[in-house]
Ligand SMILES: [Zn+2]
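In the working numbering, the protein residues as written are 1 to 222.
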């Protein structure tokens, strides 16, 4: 297809991951020029509530240049402290509502993508007053659902690290007729040399489909 949109999301932005997040942001600019991205911020990444001064200053600077800040859960870890699935069916509606409220009060937010997305979280989001949120497949606002399938690399296991580059390229090919696609970049991608090399390749491939980088909120305004 020619045309189409690309949302580039930089995940898990927090003081602990800020260096890698900045490097990812730089890679996006190297590949695509001055285009906007979504910064998926975790206010208490792995339970750490303390913020330095540099990271919020960098985020504000990025927002001033057109990036979008998005709430990406509260702690980005499960009940045992393992990275990732913060929201499970066990979180329940009350737990999900609490985490969203805490996250929102920590950051002034407009949206809330979260990928482990059980029904209790969907219900809590619908009740939260948040304008829009995203799952791995869709962007949802009140009364609107826009298909937004995600492509990204997997770093958590050796198998994922081995197969996810090929799988991501195959997914991009398969999604070429889909109007809007999201590329998910994680600070952890840069910790593995082979995956780090794939980041610009995935970007270039998506841009090669004629896609224009936009923010989530741009998709809702058209
Ligand atoms: Zn994440």
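Glycine residues also receive a C-beta, built at the ideal position from the N, C-alpha and C atoms.
This one's a predicted model, so the numbers in the text were calculated from it and none came from an experiment.
Item, Value
"Cα-Cα separation between residue 70 and residue 119, rounded to whole angstroms", "20 Å"
"Beta-carbon proximity of residue 195 to residue 10, cut-off 8 Å", "no"
"Contact set for residue 164: own chain, Cβ-Cβ below 7 Å, skip 5 residues either direction", "153, 154"
"Opening and closing residue of the beta strand (DSSP E) in which residue 105 lies", "That residue, residue 105, is in no beta strand (DSSP E); its alpha helix (DSSP H) goes 92 to 106."
"Any 3 or more C-beta pairs closer than 8 Å across the segment 199 to 212 and the segment 173 to 191", "yes"
"DSSP three-state assignment for residue 131, whether helix, strand or coil", "coil"
"DSSP three-state assignment for residue 212, whether helix, strand or coil", "strand"
"Exposure of residue 191, with buried meaning 16 or more beta-carbon neighbours within 10 Å", "exposed"
"4 or more residues per run - each alpha helix (DSSP H) lying fully within the segment 170 to 211", "193 to 208"
"Own chain partners of residue 89 with C-beta closer than 6 Å, once the 5 adjacent residues on each side are dropped", "118"
"From 175, 162, 129, 125, residue whose alpha carbon lies closest to that of residue 148", "175"
"Straight-line gap, residue 4 to residue 220 (C-alpha atoms, nearest Å)", "14 Å"
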